[in-house]
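All remarks here apply to the structure that follows.
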Amino acid sequence: MHDLKEIRQQPERFRRGVEKKGGSGADVERLVALDTRRREVLIRVEALRAERNRSSEAIAASRRQGQSVDEAMQAAARGLGEQIRQVEAELAEVEPEIDRILRALPNIPNDDVPEGDESQNREVRRWGEPAVFDEPAKPHWEIGVELGIVDFERAGKVSGPRFAFLRADGARLERALIDFMLDLHTRKHGYTEIWPPLLVNADSAFGTGQLPKFGQDMFQTTDGYYLIPTAEVPVTNLHSGEILSAADLPLRYCAYTPCFRSEAGAAGRDTRGLIRNHQFNKVELVKFTTEEDSYSELESLRRDAESVLEALGLPYRTVVVATGEMTFSNARQYDLEVWFPAQNMYREISSCSNFEAFQARRANIRYRSEAGDVRHVHTLNGSALAVGRTFAAILENYQQRDGSVMVPKALRAYLGGQDRIARG
RNA sequence: GGAGGGAUGUCUGAGCGGUUGAAAGAGCCGCACUCGAAAUGCGGUAGGCGGGCACAAACUCGCCUCGUGGGUUCGAAUCCCACUCCCUCCGCCA
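My numbering applies: residue 7 is where the first sequence begins, and numbers increase by one.
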């Protein structure tokens, strides 16, 4: 959510920014007009309230001196109350409309973000050499099924499309990846591990920006909870409504959770495999910091995510995501894309974003600076990594001619020293 | 599910119709003492919105806010209603 005062001061900047993010510039213009109207009415209503307060004060003063209450004074005050009620009704027309528009307005991109659609994403890093295969590389869903470690058919029977069972070494590999990532971030990168609720209320979903516009992307329970689409939601809202101390910043959290997404609107895309399932595991990094530090924290966050791929020996590239492909709430977004040999392309495995104060305003997360003033924090988060996609990338990049899959060295300790997954 | 208690500022915690936007303590900031620190003493310290000011800061005036929403009243932290959340006990249960 934006600060209405900032929009008032720089309407053109917001209009352009919102349009780059696919929002409506007309909404910004409407907001400015409504804001002007609101302040006019507010001045009137506040003057009336001040008058009423003065007369109530006068009644109180004369009571205190033991004088009897002046009927005329009371009647006048009552009349003021009626006038106030009328002007307040005008406010009640304007304010909900301002609120409605403001809450649905996307964040605006930081200056350094390339404009345009996905094709304008700017590569900033490329790491690792894609392996060369004698025969065409198999897709991970074939490898996994042939090894007996992934089962889509039975998942279809038990749940439906876009689900998977993992079995034996598959289930162990998934668990090993989660442990490996958590250990890396908590021991080497200084994050505090969190195990959050997997169901959240509507306020929390609003705080991070899933609501009001993207409710259909989440699974909702019959009694008003949402299954989290990412740990970002509960972990960012961990400090909602709080005023943190500057001395505590930055706060760095790390959380493994299952994530649930309805994938409404993704019909027909990535219907096979582990890339786009309704349920997947993810290790998420979340930071709370100051506006001075948030962009350097974004760089280190991105490095922390990249280090997972490097430790696992998976070739990847990092792109700055162009304005048209960015999410609703963020101001700058890096995507990490891992190499999938069977598809012969890099595909997203992590998204690292700086939300600046956008989420902090929605969730009301502030801090008291050393100077003593209260300001909104900047929030950041990034996947490090999406576990299901990492699992898939390992199968494809480490596949052997005999159908087995080598285990990346960094992971072997988590699999009791096992260096290969073969048909069992 | 049943019975009861509670929600106040950065935190703990008083207040229970009118100088209470709020006692006290802690924390934090400033100053004094000190070579420095600790300890001690003195002072300051809620948030939001709007006006004035050419922007901003500072300053200043006003409005709103004591879980949320509504009501009673000239006037509500204080009374009434609804809701949310937390705690205790009982029941049930992984």
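We put the CB at the ideal spot given by N, CA and C, even for glycine.
Within 8 Å, strictly: CB atoms of residue i and residue j
| i | j | result |
| --- | --- | --- |
| residue 289 | residue 390 | yes |
| residue 300 | residue 199 | no |
| residue 320 | residue 295 | no |
| residue 146 | residue 428 | no |
| residue 242 | residue 213 | yes |
| residue 173 | residue 155 | yes |
| residue 395 | residue 355 | yes |
| residue 100 | residue 43 | yes |
| residue 351 | residue 27 | no |
Pick from the options that is closest to residue i, judged by C-alpha positions
| i | options | result |
| --- | --- | --- |
| residue 203 | 27, 138, 280 and 244 | 244 |
| residue 403 | 157, 306, 420 and 138 | 138 |
| residue 222 | 156, 266, 168 and 94 | 266 |
| residue 108 | 217, 225 and 58 | 217 |
| residue 183 | 317, 68, 54 and 274 | 317 |
| residue 98 | 175, 51 and 196 | 51 |
| residue 102 | 41, 91, 127 and 68 | 41 |
| residue 230 | 211, 349, 31 and 241 | 211 |
| residue 374 | 396, 251, 356 and 165 | 251 |
| residue 92 | 48, 220, 64 and 66 | 48 |
| residue 94 | 125, 253 and 45 | 45 |
| residue 84 | 69, 173, 70 and 58 | 58 |
| residue 81 | 157, 70, 61 and 68 | 61 |
| residue 78 | 89, 239, 64 and 163 | 64 |
| residue 253 | 153, 378 and 17 | 378 |
| residue 153 | 414, 260, 407 and 416 | 407 |
| residue 284 | 297, 332 and 264 | 264 |
| residue 136 | 18, 405 and 413 | 405 |
| residue 89 | 56, 10, 286 and 311 | 56 |
| residue 240 | 369, 165, 162 and 166 | 369 |
Cα-Cα separation between residue i and residue j, rounded to whole angstroms
| i | j | result |
| --- | --- | --- |
| residue 104 | residue 38 | 9 Å |
| residue 484 | residue 128 | In the structure as shown, the chain begins at 7 and stops at 430. Residue 484 is therefore absent and cannot be evaluated. |
| residue 246 | residue 303 | 20 Å |
| residue 400 | residue 411 | 8 Å |
| residue 393 | residue 25 | 34 Å |
| residue 257 | residue 381 | 16 Å |
| residue 66 | residue 228 | 52 Å |
| residue 194 | residue 280 | 29 Å |
| residue 420 | residue 185 | 8 Å |
| residue 115 | residue 122 | 12 Å |
| residue 133 | residue 322 | 5 Å |
| residue 14 | residue 22 | 14 Å |
| residue 338 | residue 8 | 16 Å |
| residue 192 | residue 376 | 28 Å |
| residue 148 | residue 360 | 37 Å |
| residue 329 | residue 31 | 15 Å |
| residue 234 | residue 261 | 13 Å |
| residue 273 | residue 143 | 26 Å |
| residue 117 | residue 220 | 26 Å |
| residue 54 | residue 76 | 20 Å |
| residue 158 | residue 286 | 14 Å |
| residue 34 | residue 18 | 9 Å |
| residue 87 | residue 11 | 30 Å |
| residue 124 | residue 96 | 45 Å |
| residue 179 | residue 415 | 13 Å |
| residue 140 | residue 413 | 20 Å |
| residue 209 | residue 106 | 15 Å |
Sequence-distant residues of the same chain with beta carbon closer than 8 Å to residue i, five excluded per side
| i | result |
| --- | --- |
| residue 189 | none |
| residue 238 | 214, 290, 292 and 387 |
Own chain, CB closer than 7 Å to residue i, minus 5 neighbours either side, in chain order
| i | result |
| --- | --- |
| residue 307 | 291, 293, 358, 386 and 388 |
| residue 275 | 282 |
| residue 418 | 424 and 425 |
| residue 314 | 187, 190, 390 and 391 |
| residue 29 | 111 and 112 |
| residue 150 | 156, 176 and 401 |
| residue 326 | 119, 120, 127, 128, 130 and 340 |
| residue 197 | 191, 258, 259, 260 and 291 |
Close Cβ partners of residue i (< 6 Å) along its chain, the five nearest in sequence each way excluded
| i | result |
| --- | --- |
| residue 324 | 130, 131, 340 and 342 |
| residue 232 | 206, 211, 224 and 226 |
| residue 364 | 113 and 335 |
| residue 297 | 384 |
| residue 278 | 147 |
Integer-rounded CB distance, given that residue j should sit under 8 Å from residue i
| i | j | result |
| --- | --- | --- |
| residue 175 | residue 430 | 7 Å |
| residue 160 | residue 171 | 6 Å |
| residue 371 | residue 269 | No, residue 371 and residue 269 are not in contact; Cβ-Cβ is about 29 Å, not under 8 Å. |
| residue 366 | residue 383 | 5 Å |
Residue i beta carbon near the ligand FAD (any heavy atom closer than 7 Å)
| i | result |
| --- | --- |
| residue 364 | Absent from the structure shown: the ligand FAD. Ligands present: none. |
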